[in-house]
Amino acid sequence: MIIGLLTAVAASACYGTGSVLQAVGSRKSARREAAAASTTGTTQHGGPSLSSTAKAAVTWEFMVGTVLDFLGFGLGALAARMLPLFLSQTVISANLVVTAVLSIKLLGIRLTKPEWLSIGVVCSALVLLATAAGHEGNGDAARSTHWWLLIISLVLMIGGTIAVRLLGSKSAILAGLLSGLGFGAIGVGVRILDGIDPFDLPTLLADPALYAILISGTIGMYLHTVALQIGSVNGATAALVVGETVLPGLIGVLMLGDTSRDGLAWMAIAGFLLAVAGAVAVAWYGEPESVVVPEPEPGARDLTPTPTKTG
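Mind the numbering: the sequence shown is residues 30 to 340 in my numbering, read in order.
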C-alpha cells in the first residue's frame with residue numbers, strides 16, 4: 030500500500046509539473062501566432078487549429094512537460110495495479126494542487142482565497158481516502174469489457190475531436206473533461222490488461238485493452254493541449270480531474286472488486302466526493318489568466334486566445 034501511494038504521488042507530481050510547462054509552451058506558441066498575424070492559428074469557430082496545436086507541442090517547455098507526462102503515465106500505471114482505482118486515480122488527480130502552486134511562479138497567476146480553500150479540501154479528501162482504502166481487486170474482467178473499452182476510446186477520439194473543433198474557444202472545460210476521461214480509461218485499461226503478470230507478449234498484443242490505452246492516451250494528450258491553449262490552466266486541470274477520477278473509481282468498485290477497509294466505506298465515499306467537489310470548486314473559482322501578446326498589425330485577424338471564467 031505504501032509503495033503504491035508513493036508511486037501515485039510521484040505520478041501526480043510529474044503530471045502537475047508537466048501541465049504547467051505545457052501551458053507555458055502553449056502560451057508561447059500563441060504569442061508567436063499573434064505576432065506573426067497568422068491566419069491559420071484558429072478554426073472558423075475560434076478554437077486552435079491542428080497546426081497551431083502542433084506548433085505548441087514543439088516548444089521546449091511543452092516537450093519537457095510531455096516527457097514528465099510519459100513518466101507520470103508509467104508511474105500511474107504501476108499505481109493502478111497496486112491500489113484501488115478510486116484511490117490511485119484520486120491521488121494522481123491531486124496534480125491539480127501541484128499545477129495550481131506552480132502556476133503562481135511560472136504563469137504569474139494569483140490564487141484567490143476560495144481556490145486555496147478548495148485545494149485544502151482536495152488534500153483533506155486524499156487523507157480520508159488513503160485511510161479508508163482497502164485492497165484492490167484482481168483486475169479480472171470479461172473479454173467484452175476489453176472490447177467495450179476500445180470502442181469507448183474510439184468514440185472519445187472521434188467525438189472529442191469534432192466537439193472541440195465545433196465549439197472552438199468555448200470548449201476549454203469540455204476538452205479538459207474529455208481528456209480526463211481518456212486518462213481515466215488508461216487507468217482502467219492498465220488494470221484489466223492481459224499478458225502483464227506473467228509477461229506474455231502475444232497475449233498482450235492480442236488484448237483490445239492495449240489499443241484502448243494507446244488511443245485514450247493520444248486523444249487525452251491532444252484534448253488537454255487544446256484546453257491549455259484556450260482556457261485557464263487550473264480550470265482545465267480541474268475538469269480533467271473530474272473526468273479521470275469519477276468513472277474509473279466507480280468501475281473499480283462495481284466491476285473490478287476494489288474495496289475499502291471494513292467499516293470505513295463511508296469515509297471512502299466522503300473522501301471521494303470531497304476530492305471531486307474540491308476540484309470542481311477550483312474550476313469554478315479559477316481566476317482568468319492573462320496572456321500578454323504583442324499587438325497584431327492593423328487589419329490583421331486577432332488570434333489571441335481569450336481566457337474565460339471557468340465555471
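Even glycine gets a Cβ: it sits at the ideal position worked out from N, Cα and C.
Review point. DSSP on P198, reduced to helix/strand/coil?
Key: According to the sequence shown, residue 198 is Ser rather than Pro. Helix, per DSSP.
Check your understanding: Does the separation of the CB atoms of A161 and L50 fall below 7 Å?
Key -> No, they are not a contact pair.
Point to revise | Distance between M111 and I32 (C-alpha atoms, nearest Å) | key: Roughly 8 Å between the two C-alpha positions.
Review point. Taking all protein chains shown into account, do 16 or more other C-beta atoms lie within 10 angstroms of the C-beta of L146, making it buried, or fewer, making it exposed?
Key: Per the 10 Å Cβ criterion, exposed.
Review point. What alpha helix (DSSP H) runs, 4 residues minimum, are completely inside the segment 227 to 261?
Key: Runs found: 230 to 234 and 237 to 259.
Review point. By how many angstroms is the C-alpha of L34 removed from the C-alpha of G45?
Key: Taking the straight line from one Cα to the other gives about 16 Å.
Review point. What is the DSSP secondary structure of A162, counted as helix, strand or coil?
Key: Of the three classes helix, strand and coil, the one that applies to A162 here is strand, per DSSP.
Practice item. Take N124 as the anchor and find which of V271, P227 and L107 has the nearest alpha-carbon. Key: When only C-alpha atoms are compared, the closest one is V271.
Check your understanding: In chain order, what residues of the same chain have a beta carbon less than 8 Å from the beta carbon of L155, not counting five sequence neighbours either side?
Key -> Same-chain partners within the cutoff: T119, V120, A123, G300 and A304.
Practice item. Pull up the CB-CB distance for A108 and A201, whole angstroms please, since I reckon it's below 8 Å. Key: In this structure, A108 and A201 do not form a Cβ contact; the two beta carbons are roughly 28 Å apart against a cut-off of 8 Å.
Practice item. Count the C-beta pairs between the segment 274 to 286 and the segment 223 to 240 that are closer than 8 Å, then say yes if the count reaches three, no if not. Key: No, because fewer than three Cβ pairs between the segment 274 to 286 and the segment 223 to 240 fall closer than 8 Å, the two stretches do not touch.
Check your understanding: Quick one, which of V309, G249 and L302 has its alpha-carbon nearest A267's?
Key -> Selected option, being the one with the closest Cα: V309.
Point to revise | Close beta carbons around A204, own chain, < 6 Å, minus the five adjacent residues each side | key: Within the same chain, A204 has close Cβ partners V193, L252, V255 and A256.
Review point. What first and last residue would you give for the alpha helix (DSSP H) that runs through G94?
Key: Element bounds for G94: W89 to M111.
Practice item. Look at the alpha carbon of A306 and the alpha carbon of V275, and state the distance between them as a whole number of angstroms. Key: So the two alpha carbons sit approximately 11 Å from each other.
Point to revise | Anticipated Cβ contact below 8 Å, L104 with G216, distance rounded | key: No, L104 and G216 are not in contact; Cβ-Cβ is about 12 Å, not under 8 Å.
Point to revise | E90 beta carbon less than 7 Å from that of V53 | key: Pairing V53 with E90 gives a Cβ-Cβ distance under 7 Å.
Check your understanding: Rounded to a whole number of angstroms, what is the C-alpha to C-alpha distance between K142 and L302?
Key -> The C-alpha of K142 lies about 21 Å from the C-alpha of L302.
**Study point:** T128 - containing alpha helix (DSSP H), residue span
**Key:** Annotation for T128: the continuous alpha helix (DSSP H) segment containing it runs N124 to L135.
Review point. Distance, Cα to Cα, M296 vs S132?
Key: Between M296 and S132, the C-alpha separation is close to 31 Å.
Practice item. Taking only beta-carbon positions, decide if I225 is within less than 7 Å of chain D. Key: The structure shown contains no chain D, having only a single protein chain.
Exercise for review: Leaving out five residues on either side along the sequence, give the residues of the same chain with a beta carbon under 6 Å from the beta carbon of T95.
Suggested key: Excluding sequence neighbours, T95 sits near nothing in its chain.
**Study point:** Contact check, I248 vs G189, beta carbons under 7 Å
**Key:** At a Cβ-Cβ threshold of 7 Å, I248 and G189 count as neighbours.
Exercise for review: Could you work out which residue in K57, S58 and L116 is closest to C152 when comparing CA atoms only?
Suggested key: Answer by Cα proximity: L116.
Exercise for review: Just mark G47 as buried or exposed, buried being the case when its beta carbon has 16 or more other beta carbons within 10 Å.
Suggested key: That one is buried.
Point to revise | Closest residue to K199 among I259, F99, G213 and V38 (Cα-Cα distance) | key: Nearest of I259, F99, G213 and V38 to K199, Cα basis: I259.
Review point. Distance, Cα to Cα, T68 vs R61?
Key: For T68, the predicted model reports a pLDDT of 49, less than 50, meaning its position is unreliable; a value from the coordinates is still stated below. Counting only the Cα atoms, R61 lies some 12 Å from T68.
Check your understanding: In terms of alpha-carbon separation, which member of L285, A159 and L206 lies closest to A265?
Key -> Checking every option, the nearest Cα to that of A265 belongs to L206.
Exercise for review: Return the chain-ordered list of same chain residues with a C-beta closer than 7 Å to the C-beta of A170, the five sequence neighbours on each side being excluded.
Suggested key: Correct list, in chain order: I221, M284 and L285.
**Study point:** Same chain, Cβ closer than 6 Å to T36, five either side skipped, listed in chain order
**Key:** Apart from sequence neighbours up to five positions away, the residues of its chain that approach T36 with a beta-carbon distance below 6 Å are L104, L107 and A108, ordered along the chain.
Check your understanding: Is the beta carbon of L178 sitting closer than 7 Å to the one on G218?
Key -> With a cutoff of 7 Å on beta-carbon distance, L178 and G218 are scored as near each other.
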